[in-house]
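To keep things clear, I will list the structure first and then write my remarks on it.
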Amino acid sequence: MAEQKNASERRTLWIVLGLNIGLAIAFFASGAFGDSSALIANGLDNLSDSFVYAISLFALSRSATWKRGAANVSGGLLILFALGILYDAWRRYVGGSDPIGTIMIIMALVAAAINALCVWLLARLRDPDVNIRAANTFSWNDFAANLGIVAAGGLVAWLGTNWPDLVVGVIVAGIAAWGGVGILKDAHGEHHKAKHNDDQVTKDMT
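Rendered as structure tokens:
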């Protein structure tokens with residue numbers, strides 16, 4: 022039963038990993054062409070997610086300690102990614118940018134559909150461990166960020182200014198940082214739960 026569960030989780034993570042790598046490439050290409058901080062931010066987000074999914078796959082069949090360690094790495098990467106986005110938004114604010122609203126909207130709608138698929142695939146898994154829960158957090162964060170880009174793209178096209186693009190880039194950074202902190206808290210809670218169970222077993226044996 023455990024082997025079947027691991028196989029299902031592994032298959033799902035591989036699919037989600039492939040989708041995120043494809044999205045990262047598409048976001049970087051469209052962000053460079055459309056001069057969009059928000060699209061580049063989401064490309065970095067999906068690339069970061071891809072690293073995390075790879076770590077989760079590595080930890081999947083290993084001990085609970087490995088899984089908690091992988092989740093801690095996942096949370097830390099999200100926070101580092103958030104700092105990188107803030108730097109990119111500041112650079113574009115100082116140096117100026119000319120984002121293309123229609124490209125932002127089209128790319129974000131495609132990405133939202135793919136991230137909704139990722140959320141559905143991960144939600145099908147029963148009794149998810151800390152890394153699967155982290156993966157689900159990433160997909161929900163990405164979906165929310167995609168909707169923000171759609172709104173920003175509409176404002177950019179309507180107003181002819183770059184500030185909506187920069188604002189969404191900063192919001193994406195905030196969402197990523199919040200998700201990273203949440204994953205770290207989840208992993209910390211798993212650690213304390215495991216320690217409590219070990220202490221209870223020791224107490225029962227004495």
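All residue numbers for the sequence shown refer to this note's numbering, where the first residue is 22 and numbers rise by one.
The beta-carbon is built from N, C-alpha and C at its ideal position, and this holds for glycine as well.
ask   = With 16 as the cutoff for other CB atoms within 10 Å, does residue 39 come out buried or exposed?
value = exposed
request  = Express the C-alpha separation of residue 86 and residue 185 in angstroms, rounding to a whole number.
outcome  = 42 angstroms
key: Beta-carbon proximity list for residue 52, same chain, < 6 angstroms, skipping 5 on both sides   = 60, 61 and 64
query = Cβ of residue 6 within 8 angstroms of Cβ of residue 34?
reply = In the structure as shown, the chain starts at 22 and stops at 227, and residue 6 therefore has no counterpart that could be examined.
query = When we look at the beta-carbon of residue 192 and count the other beta-carbons within 10 Å, is it buried (16 or more) or exposed?
reply = buried
message = Within the continuous alpha helix (DSSP H) that includes residue 146, where are the two ends?
response = Here residue 146 belongs to no alpha helix (DSSP H), and DSSP marks it neither H nor E.
task = Tell me whether the beta-carbon of residue 100 lies closer than 8 angstroms to the beta-carbon of residue 203.
result = no
query = Contact check, residue 164 vs residue 183 under 8 angstroms by CB: the rounded distance?
reply = Going by Cβ atoms, the distance from residue 164 to residue 183 rounds to 24 angstroms, so no, they are not a contact pair.
request  = Please state whether DSSP places residue 121 in a helix, a strand or coil.
outcome  = coil
Distance CB(residue 70)-CB(residue 154) smaller than 8 angstroms = no
task = Excluding the 5 residues preceding and the 5 following residue 124 in the sequence, name in chain order all residues of the same chain whose CB lies nearer than 6 angstroms to its CB.
result = 51 and 55
key: When 75, 29, 147 and 158 are compared against residue 42, the one with the closest alpha-carbon   = 75
request  = Compare the beta carbon distance of residue 197 and residue 102 with 8 angstroms and say whether it is the shorter of the two.
outcome  = yes
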